[in-house]
Amino acid sequence: MINGNESVTRSIGGNKGDMNMMYTKLRLTIKDVCHMLSVERDKLNKLVKTDPSFPRPIKEGASRQAAVYFDYNELVNWWEDQKQARYS
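Counting along the sequence shown from 1, when you hit position 49 you're at 65 in my numbering, and nothing is skipped either side.
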């Protein structure tokens, strides 16, 4: 369900006549990733800790409360690798 996820892909502009371009967020929040993979936060944390092939989170800042993001392309590539491994 990576492609077509409403929280990841959005259109620009909301009024009639605005640009109808689509863009994809380059970095995703933990909430976005959970929604994208259809998992709970606990499962996402487990993937980060136990699966060495899972994309590493990117922390924005040095403080403990700094926002954490994941790279969209890394997640898509990881998912495609998981699908390929399933059929190998």
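From the three backbone atoms N, C-alpha and C, an ideal C-beta is built for every residue, glycine too.
On a CA-only basis, which of Trp94, Leu53, Arg57 is nearest proline 68? Give me that one, please. Taking the sequence shown and counting its residues from 1, the one referred to as residue 68 is at position 52. Among Trp94, Leu53, Arg57, the Cα nearest to that of proline 68 belongs to Trp94.
What number of angstroms, rounded off, separates the C-alpha of lysine 59 from the C-alpha of lysine 75? As a first step, residue 59 is located in the sequence shown; it is residue number 43 there, counting from the start. As a first step, residue 75 is located in the sequence shown; it is residue number 59 there, counting from the start. Taking the straight line joining both Cα atoms gives about 19 Å.
Measure the CB-CB distance between arginine 57 and tyrosine 85 and report whether it falls below 8 Å. In the sequence shown, the residue the question calls residue 57 occupies position 41. In the sequence shown, the residue the question calls residue 85 occupies position 69. No.
Residues that lysine 75 bridges to, as DSSP identifies them: Translated into positions along the sequence shown, residue 75 becomes position 59. Beta-bridge pairing links lysine 75 to Val84.
State yes or no: is the C-beta of leucine 91 within less than 8 Å of the C-beta of proline 71? Translated into positions along the sequence shown, residue 91 becomes position 75. Translated into positions along the sequence shown, residue 71 becomes position 55. Closer than 8 Å, so yes.
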